[in-house]
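Here the structure comes first, spelled out in structure tokens, and everything after it is commentary.
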Amino acid sequence: MTVIGKSVPRLEDRALLTGMGRFAGDRNFDGQLHMRVVRSTVAHGRIVSVDTGAAAAMPGVHAVWTGADVADIPPIDLRPGSALQDLEKCRQHILVQEIVRYVGDPVAAVFADDPHRAEDAAELVWAEIEELPPVVGLMDPPGEFAPGVSTEPAVFEKGYGDVDAAFAAAAHIVECELSVGRHAGVPLETRGALAIWNDAEARLEFHAAAKIPHTNRIALAALLGLELDQLHLFEGHVGGGFGVRGEIYPDEVLVNLAAMHFRRPVKWIEDRMEHLVAANHSREQTHRIRAAVDADGLVRAIDDEFWFNQGAYARTHGATVPTVSATMLPGPYKVPAYRAKGHIRLTNVTPAGTYRGPGRYETSFVREGLLDRIAAELGLDPLDVRRVNLVAPDEMPYERPFEVGGKPIQYDSGDYPKSLQRFLDHIGYDALRRDMAARREAGEMAGAAVICFLELGGDGPFDDVRVEMAADGAVEVVTGVASVGQGAETVIAQVCAETLGIDYAGITVTHGQTDRIERGQGARASRVTVMTGNATHKAALGVRAILLETAAGLLQTAAEELEISGGTIRVAAAPEGGPSVTVADAAAETLRASSGDRIAVEETFENDRATYSFGAQMAAVSVDPRTAGVTVERFAVAYDIGRAVNPMLVEGQLVGGAVQGIGGALLEEFLYDEAGQPLSVTFADYLMPTAMEVPDVECLVLEEAPSTTNPLGLKSGGDPGITGAGAAIAAAIGEAIGRPGSVARLPVSPMRLREILTGPA
Amino acid sequence: MKPAPFEYVIAESWDAAAALLAEHGDDAVILAGGQSLVPVMNFRLAQPAVLVDVNPVADGAYLRIDADRLRVGALTRHVRFEAPQVGGPLGALFPRVARHIAHLPIRMRGTFGGSLAHADPASEWCTLARTFDAVMVARSVRGDRRIDASDYFQAALVNDLADDEVLREIELPALGPDWACGFAEFNRRAGDFAIVQSVAAFELHDGRIVDARIGIGGAAEVPWRADTAEAVLAGAIPSASLFEEAGAAAAESVGELMTDRQASAEMRRDLVRVMVSRALEDALAAGVER
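Written out as structure tokens, the structure is:
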């Protein structure tokens, strides 16, 4: 019996489909207060006064806090290892102390016995703010952002090889400027938090935590001045993560601080308008990039300079997005010499953090756009340019000599050209290209393009897993991982079931509860299946060994002679119907002998290497030349995941990512006016793709190259659907309008495409 | 995201609604389907003191042919227009227009009269009403007042209804069988507000256009009739080039076009040209089918 590799149904779905989900909004405690945050309505200004009198006098209002009430709480830290230079100076206080820096900056918090009363009272909080001129342009010349803080608090370089020599000797130099607009993950469920002071346990409990409960526990305890054992986090169901949900924002700290202070439960659910100005934005960056190229399109060197819009503050992710942008830009191509100079810029808009595929969505668009320019300028086939540059299978493991965290980047495995060819065959590329060419010949604007990308994930440093088995054989896997809807429970149960030879459906997977396991890394950076999967495998092997030892005694044979299948332990070589013992009986016997109540094995899986995997995407689009409207006719993703634990879930990740990526390519954008006022504050202005705008996403899940970084050979799978989507849509539009490489900015709105269509050829 | 406190009162007849409006003046707002009003109340952009719910008004939702008029009860939900309700060219046009109005759940609640009372520049029904010179029938304690579409739309979200008047019925012409009607709209996603839309109709006798109506919405603050484009069509035989010519005339027929981040005025002018010609093509196709 094998269950790894099978598309078995999700364990998560019963609760979710029968209305038993427990999202933040579903949780309530007796006597709870409801928090409402009052946010700045100007982009930049000095607070003269905050009048809370009228709000505090409203019936049901318990308290109103302003910056002065929380002045002793330090600003929210950047995650260890993510800071660069002066970013520490740009951290955000949980309530503004003097200067508001973006529309949405928290100015006051109202606590009332009812959420509607809290909202009514919040309307009456009057902040008098002396407006200051805002910084809104990413490319404005550097100046002062705050006293002692530049609008450019950090500049960094990443690179290797002799870039200048390559350009000096170049047959051709191709250069362009490419930009990605500001957009972000927008989960169906807005953020929410519920904190309660537990008197009996003398501890603070933060319910509806998400994504990285153990990491946030450490950070929150430090902010609140608590010992670690005075704070526990409890994950609930989460309506979408995408990098946005589950970070520590001012709001979550306020809820916990208030619960501590008032010794009453405090609940907070943000509304959509708040979410769109308060939760992390992402993506916005502009690249000026050039390549030194041979006549056949082989790239000898890339020289890139880019500007990243961090917004008004550095948040928990620190410099993660620009750093990953710099190191992942070369993607699946050789690029023997490379230099990237990144400028982190502060502006008076919502702060930025990660969004699914951070740094890869953006730089895949930039890199593939550059390759399309190279093909166009040199008169080459765009796919040939990609082929000639792909890292070859005999170069694996491929080392890119960056210093990242003190060690070079190493692509662990893959046959990129073969994977690309399988994708081309799968989608019928040649016929598709012929068909598109014929349509263009007939006067239509229609085109298809294939782009390549590289994905990374599955990084450590560690994951702990404890596998416990009760006397009836019931298994619980306790992990420090989190579930953001991706199917973590199912995948972990599959790995455990495979190792123990039992049914996956009976396994309970516990996650996101800091009182159940000491350490954890949560669900970030596309790591859960790789890291927790391997830790689960390791711990389950320990339980298996104990069971076999007991069974060996019962069956009077050596443990090595035994196998477990279908929940039964038997002699491997014996015929069907030979001596056997059930897993449950072996567990009961083990526990009787040891007088324990559970067999428990805890193991740590450590890994200091990320997995790198190849992927490709195809978009086929048509453009209405008279309206500049774009229709996505086909969209396909190929991804080499090495080994798929649950192919259905991998496909789900690919489809979901692709839809979000198409949104960022065509629709989604946070725009601001010259005064720094946000223009995208509802779903009427921030356009999410719907089923009507997105075709069925065709998936090709490949298992060409298992990872060499972990015993199970697993690679990451959370982000690949989104990574190349912007690049693919842009390339296909370029093909359709007969101007390859002409799309220089995402999203491609009709107005922007019209400029291209009516502009000089 | 909850509304500011308000008083909620029910009107079970148009006269009761009119009496409540007379009592509360501009403090009161009519609640019909609520699909525009309730969101702006939730955003607290609108904070009416009194909400007069007219949903319980008896016989407020209907489509009736009455001699040469088609009478639409103000409370008729959008969804009702998705299936043919009345015969004739206009009856055939309704489903093709209605499916462009937002999404099904919104069409289940939103009303024809509510759209006209809200007077959003991108409203399909407002454009249709202007195209066919609808008459808006408003009730107040003074009785009924009939308002021509040409006087009714005054600016974006502004119409000729007085504070104490409630829109109770919309009258459209019941077009004869020789009319063909079409519609076209451009937006970025299915169900979004139109960036530009056009309703076009013409009456054919012996293969020639003897009368034409062209209405445009989404492009300017109020929907308008492109009479110069209508003049291009009069007396002519339908053809692609004629429709292009009419589109061009329509694009030149209005001065002030809206600019927003979806589309500049210049882009809207181009879209007017395209949408008018496509609405005419749609009309021709619909006419041929009959």
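One line per chain: the protein sequences are A and B, in this order.
Using our numbering, the letters of the first sequence correspond one by one to residues 1297 to 2057.
Using our numbering, the letters of the second sequence correspond one by one to residues 3 to 292.
Quick reminder that beta carbons are idealized off the backbone N, C-alpha and C, glycines included.
Computed from a prediction, not measured in an experiment: that's the story for all the values here.
- Query: DSSP on D284 of chain B, reduced to helix/strand/coil?
  - Reply: helix
- Message: Can you confirm whether the stretch 18-34 of chain B touches the stretch 49-68 of chain B when touching is taken to mean that 3 or more C-beta pairs between the two stretches lie within less than 8 Å?
- Response: yes
- Message: Using a 10 Å radius around the Cβ and a threshold of 16 neighbouring Cβ atoms, would you call P1626 of chain A buried or exposed?
- Response: buried
- Span separating the alpha-carbon of A1465 of chain A from that of L1594 of chain A: The straight-line gap from Cα to Cα measures roughly 13 Å.
- Query: Of the choices A:D1760, A:I1300 and A:D1409, whose alpha-carbon is the least far from that of D1326 of chain A?
  - Reply: Closest option to D1326 of chain A, Cα to Cα, is A:D1409.
- Task: Kindly indicate if chain A contains any beta-carbon less than 8 Å away from that of L159 of chain B.
- Result: no
- Message: For V1540 of chain A, count the other beta carbons within 10 Å of its own beta carbon; 16 or more makes it buried, fewer makes it exposed. Which is it?
- Response: buried
- Pull up the CB-CB distance for V1573 of chain A and V1399 of chain A, whole angstroms please, since I reckon it's below 8 Å. 6 Å
- Message: Here's a check: name, in chain order, each residue in its chain whose Cβ is nearer than 8 Å to the Cβ of E291 of chain B, leaving out the five neighbours to either side.
- Response: Unreliable positioning characterises E291 of chain B in this predicted model, as indicated by a pLDDT of 49, which lies under 50. The coordinate reading is nonetheless provided below. For E291 of chain B, where only same-chain residues beyond five positions count, there are no Cβ hits under 8 Å.
- Query: Quick one: what's L1998 of chain A bridged to in DSSP?
  - Reply: A:D1936
- Quick one: does D1711 of chain A have its CB under 8 Å from some CB of chain B? no
- Message: According to DSSP, simplified to helix, strand and coil, what is P97 of chain B?
- Response: In the structure shown, P97 of chain B sits in a helix (DSSP, three-state: H, G or I).
- Residue span of the beta strand (DSSP E) that contains C183 of chain B, given as start and end: W181 to F188
- Item | Whole beta strand (DSSP E) elements within the stretch 1670-1724 of chain A, 3-residue minimum | 1694-1700 and 1703-1707
- On a CA-only basis, which of A:L1752, A:G2013, A:R1596 and A:S1345 is nearest V1620 of chain A? Give me that one, please. A:L1752
- Item | Residue-level contact to chain B via CB, E1989 of chain A, 8 Å cutoff | yes
- Task: Quick one: grab the DSSP three-state call for L2053 of chain A.
- Result: helix
- Message: I'd like to know whether the C-beta atoms of G1829 of chain A and I1788 of chain A end up nearer to each other than 8 Å.
- Response: yes
- Query: Does Q264 of chain B have its Cβ less than 8 Å from a Cβ in chain A?
  - Reply: It does: the Cβ of Q264 of chain B has a partner Cβ on chain A nearer than 8 Å.
- Query: Which parts of the stretch 1373-1445 of chain A are runs of the alpha helix (DSSP H), unbroken and 4 residues or longer, counting only runs that do not cross its ends?
  - Reply: 1411-1420
- Message: At 4 residues or longer, what runs of the alpha helix (DSSP H) sit wholly inside the stretch 1852-1924 of chain A?
- Response: 1879-1890
- Could you run through the stretch 1558-1577 of chain A and flag, in chain order, every residue whose CB is less than 7 Å away from some CB of chain B? D1567, R1568 and M1569
- Checking contacts by CB at 8 Å: is E291 of chain B closer than that to chain A? In this prediction, E291 of chain B scores a pLDDT of 49, lower than 50, which makes its location untrustworthy; the coordinate-derived value is nonetheless stated afterwards. No, its Cβ sits nowhere closer than 8 Å to a Cβ of chain A.
- Query: So, are the CB atoms of R1310 of chain A and P1355 of chain A less than 8 Å apart?
  - Reply: no
- Query: Looking at the unbroken alpha helix (DSSP H) that takes in A140 of chain B, where does it start and where does it end?
  - Reply: No alpha helix (DSSP H) contains A140 of chain B, which is instead part of the beta strand (DSSP E) from V137 to S142.
- So, does the CB of D1881 of chain A fall closer than 8 Å to a CB anywhere in chain B? no
- DSSP state of R147 of chain B, grouped into three classes? strand
- Message: Just verifying my parser: in three-state terms, what is the DSSP assignment at P1654 of chain A?
- Response: coil
- First and last residue of the beta strand (DSSP E) that includes R71 of chain B? R71 to G75
- Query: In the DSSP assignment, what residue or residues form a beta bridge with Y1629 of chain A?
  - Reply: A:L1686
- Anything in the stretch 1405-1421 of chain A with a Cβ closer than 9 Å to a Cβ of chain B? List those residues in chain order, please. P1411, H1412, E1415, D1416 and E1419
- Task: For the beta strand (DSSP E) holding S200 of chain B, just list the boundary residues, first then last.
- Result: V198 to H207
- Do L235 of chain B and A250 of chain B have their C-beta atoms within less than 8 Å of each other? Between L235 of chain B and A250 of chain B, the CB-CB gap reaches or exceeds 8 Å.
- Query: A1480 of chain A and H1577 of chain A look like a contact to me (Cβ under 8 Å); what is the Cβ gap, rounded to whole Å?
  - Reply: 5 Å
- Anyone know if the C-beta pair for I197 of chain B and L95 of chain B falls short of 8 Å? In this structure, I197 of chain B keeps its C-beta atom at 8 Å or more from the C-beta atom of L95 of chain B.
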